[in-house]
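Below: one structure, written as structure tokens.
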Amino acid sequence: MAPTGWLGLTSLGTVHTAISLVAVVAGLLALFRYKEITMRTGLGRLFVWTTVLTCLTGFGIFQHGGFGKPHALGVITLLALAVGALAGRGVLFGKWARYVEAIAFSASFLFHWIPAFTETLTRLPLGAPLLPNADAPELKAITGVLLVLYLIGVGLQIRRLRGGAGTINPAPARASS
Numbered sequence: 002m003a004p005t006g007w008l009g010l011t012s013l014g015t016v017h018t019a020i021s022l023v024a025v026v027a028g029l030l031a032l033f034r035y036k037e038i039t040m041r042t043g044l045g046r047l048f049v050w051t052t053v054l055t056c057l058t059g060f061g062i063f064q065h066g067g068f069g070k071p072h073a074l075g076v077i078t079l080l081a082l083a084v085g086a087l088a089g090r091g092v093l094f095g096k097w098a099r100y101v102e103a104i105a106f107s108a109s110f111l112f113h114w115i116p117a118f119t120e121t122l123t124r125l126p127l128g129a130p131l132l133p134n135a136d137a138p139e140l141k142a143i144t145g146v147l148l149v150l151y152l153i154g155v156g157l158q159i160r161r162l163r164g165g166a167g168t169i170n171p172a173p174a175r176a177s178s
């Protein structure tokens, strides 16, 4: 697909970006409101499903010629979401389930930011982007900062979960008719 115009994105790229922005906002709101991303909240569910859609639409974007690092990150993100969802349902991991859920969903949130910075800094401003390509050393430094922020965030979530304060209770079971 050839770029269409809006920030040099294809139609699919525009849809992909819009969906990813919804996911990022939902993730931010969930983290600020509930101190975690979990499928037990509407914001958490919105984050997870829009992240799934972001990954799926991303698989159709081949800006650099074929399956590449962004596509691999999409696969890893889907795996992290699956692990987080299974942990959140108590299907796996026993007493560690809540911790695994926090780590996995936070990782998927982190994974949004890597292409966000990469695409923004290698595209904008139009015609004279701030960075020449995805291999720019500045992006490696940004990724390092994002990793540190992720580790701090996960550490805070684990500390909070250990204390049991402010944890979200699972949604009540639906009554069958």
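With our numbering applied, the sequence shown corresponds to residues 2 to 178, in that order. Note that the Cβ used here is the ideal one computed from N, Cα and C, for glycine as well.
At a Cβ-Cβ threshold of 8 Å, Gly-9 and Arg-124 count as neighbours.
Distance from the CA of Val-26 to the CA of Leu-82, rounded to the nearest whole angstrom, comes to 17 Å. About 19 Å separates the beta carbons of Gly-59 and Gly-85, which is beyond the 8 Å limit, so they are not a contact pair. As for any beta strand (DSSP E) of minimum length 3 sitting wholly inside the region 41 to 102, there is none. The region 139 to 147 and the region 105 to 116 touch, with no fewer than 3 CB-CB distances between them shorter than 8 Å. Phe-106 is not a Cβ neighbour of Leu-140, given a cutoff of 8 Å.
Rounded to whole angstroms, the gap between the alpha carbons of Leu-162 and Leu-122 is 36 Å. Spanning the alpha carbons of Asp-136 and Glu-120 requires a straight line of approximately 12 Å.
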